[in-house]
Every structure is written in C-alpha cells, then in structure tokens.
Amino acid sequence: MDNEKNGLSPVVGIVMGSDSDWPLVSRAHETLRELGVPHEVRVLSAHRTPDVAHEYSATAEARGLKVILAAAGGAAHLAGVLAAGTTLPVIGIPVPGGSLGGLEALLATVQMPSGVPVATVALSSAGPANAAILAAEILALSDPELKARLRDRKRRLREKVLAADAALQAKL
Ligand code: RP5
95 MDNEKNGLSP
105 VVGIVMGSDS
115 DWPLVSRAHE
125 TLRELGVPHE
135 VRVLSAHRTP
145 DVAHEYSATA
155 EARGLKVILA
165 AAGGAAHLAG
175 VLAAGTTLPV
185 IGIPVPGGSL
195 GGLEALLATV
205 QMPSGVPVAT
215 VALSSAGPAN
225 AAILAAEILA
235 LSDPELKARL
245 RDRKRRLREK
255 VLAADAALQA
265 KL
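Structure follows, in structure tokens:
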C-alpha cells in the first residue's frame, strides 16, 4: 500500500469479507488516501477465516490501528466479530448485492447486541467514503492538520452545491 511505500504506520484498518467487495470498498481506500490517512487493506472473513479475523482484531490496537472499517455483504458478521475482540471503534459498511438486495447485510451489521457497538454507514455507494470520513473525523480529534483537511473538504462540498444552485437559477 502507499503507506508502506511512505514508511507510515497504518492507523486505519480497512477489512472486507471477500475480494468481491473491493469495487465498492476501494472508495474508502481512495477517500483515506485523499485525506492523507495511513491505512491498510485486508480480506478477512468472519466465516471462512474466523481465526485470522479474531487474530486481526485482538492485535489491531497493539499494531497501532485506531479505527477499523469492516465491509461485508450477505450474512454480514465481520464488523460485529471484529468489534467483539477490540475496544477500537469499528465502522461497519454493509455491502449491497446479496439475494435480499443488501438489506440482510445492513441489518446484520447494524443490529448489534448491547455493549458491542458497530457504527454503521449507509447501504449505498456513499457508505464506504462516509466510513472513511467518519474514521478521519475520529482521528482528527487529536490531529489538527487532518481536521483542517476535513474542514476544507466540507467547504468544497458547500461550494459545489452553491454553484449547482447558481447554475440552475441562471437556466430557469
Ligand atoms: C460476504 O459474502 C462478503 O463480504 C461478500 O460481500 C459476500 C459474497 O462473498 P463471495 O462469495 O463473493 O466471496 O462474506
């Protein structure tokens, strides 16, 4: 990953249940890259490699991670299984495309039992980028430079909407 090339230790772990999730999950990777947040990306499965998923979660904090993003579709237990093994914040990304259209992944991700939270983002193309932004917002609580980059990103969003409105008014 880019961080390794730069010699930076990852502070965010992006984990997905299958490499088939990558086309969607790559948006989280791109967003963290834009924000300059060092991160790693892994394929781990709650069902197919449960031992590796447990090990990842149990060692995440000691390895320097501060937030975990976990994406899965179908019976999406990955975020919950990772959250069970760490006190780091875990952000779940439900992946659409299962036989129930992703609703099953959304419910499996969001409906965690008391005491083991998973912060769940939208079941849409906005989900992975929002998960990355939320992770960056958590990290920015103790990183003023990252906070400034997030503020700049939000300012650009505002300008985009204002420009779209101005363009529409000019046409009507
Ligand atoms: C989940 O099952 C994965 O996260 C993926 O969204 C879904 C299908 O996985 P594959 O059969 O494509 O490997 O565990």
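Numbering (this note's numbering), first residue to last: 95 to 266. C-beta: ideal position from N, C-alpha, C; glycine also. Model, not experiment: these values are computed from the prediction.
For A166, the distance from the CB to the nearest heavy atom of the ligand RP5 is below 7 Å. Using a Cβ distance threshold of 8 Å, L201 and V215 do not count as a contacting pair. The Cβ atoms of A213 and T125 do not sit closer than 8 Å to each other. The residues I108, L163, A165, I187, P222, A223, A225, A226, in chain order, have a CB closer than 8 Å to that of A122 in the same chain once the five nearest residues on each side in sequence are set aside. When the Cα atoms are used, K160 and D115 turn out to be separated by approximately 22 Å. With respect to the 8 Å criterion, L129 and R243 are classified as neighbours on the basis of their beta carbons. By the C-beta density criterion, H133 is buried, having at least 16 other C-beta atoms within 10 angstroms.
Looking at G158, A140, L118, the one whose alpha-carbon comes closest to that of L102 is G158. Between the beta-carbon of G168 and that of E149 there is about 23 Å, and that puts the pair past the 8 Å contact cut.
The C-alpha of A264 is placed about 53 Å away from the C-alpha of A154. Judged by DSSP secondary structure, R252 falls outside any beta strand (DSSP E) and instead within the alpha helix (DSSP H) spanning 238 to 265.
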